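Peer 1:
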Amino acid sequence: MSIGLNDWYLLSIGEIDEMYNTIGRGGSLDDIGDFIHIQNRYMSYSEINSLLFWSKSMYTGNNYEASKGVSNTYTVRPIRSF
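Just so we're aligned, residue 3 is where the sequence shown starts under this note's numbering, counting upward by one.
Shown next as structure tokens:
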């Protein structure tokens, strides 16, 4: 039985960009989200094609293509619908 935990989802690359530009290093308050310590890229659910998806470095602000088939470490930020 679900206990109300079915409203979580992963961010799109656009939502991760927005997070970087508001509470990350790209924001006017300069990283109030404390992302500077995260060296891994953030994984998005935004697919490029069947083999690739978008990821973002919260340290540099760059977006990268990432392979679904390669064993890499990515940080995820699930959020709840509201």
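Ideal Cβ positions, reconstructed from N, Cα and C, are used throughout, including at glycine. The model shown is predicted, which means the values in this text are computed figures rather than measured ones.
Would you mind stating whether ARG85 and SER59 have Cβ atoms separated by less than 8 Å?
Peer 2: Lying before the first or after the last residue shown, residue 85 is absent from the chain, which here runs from 3 to 84.
Peer 1: Just the Cα atoms here: how many angstroms apart are ASP33 and GLY26?
Peer 2: Their backbone Cα atoms lie some 4 Å apart in a straight line.
Peer 1: Between VAL78 and LEU12, is the Cβ-Cβ spacing less than 8 Å?
Peer 2: A contact, by the Cβ cut-off of 8 Å.
Peer 1: With DSSP run on the structure shown, which of helix, strand or coil describes TYR22?
Peer 2: It is helical.
Peer 1: Here's the rule: buried if 16 or more other CB atoms are within 10 angstroms of the residue's CB, otherwise exposed. What is SER46?
Peer 2: It counts as buried.
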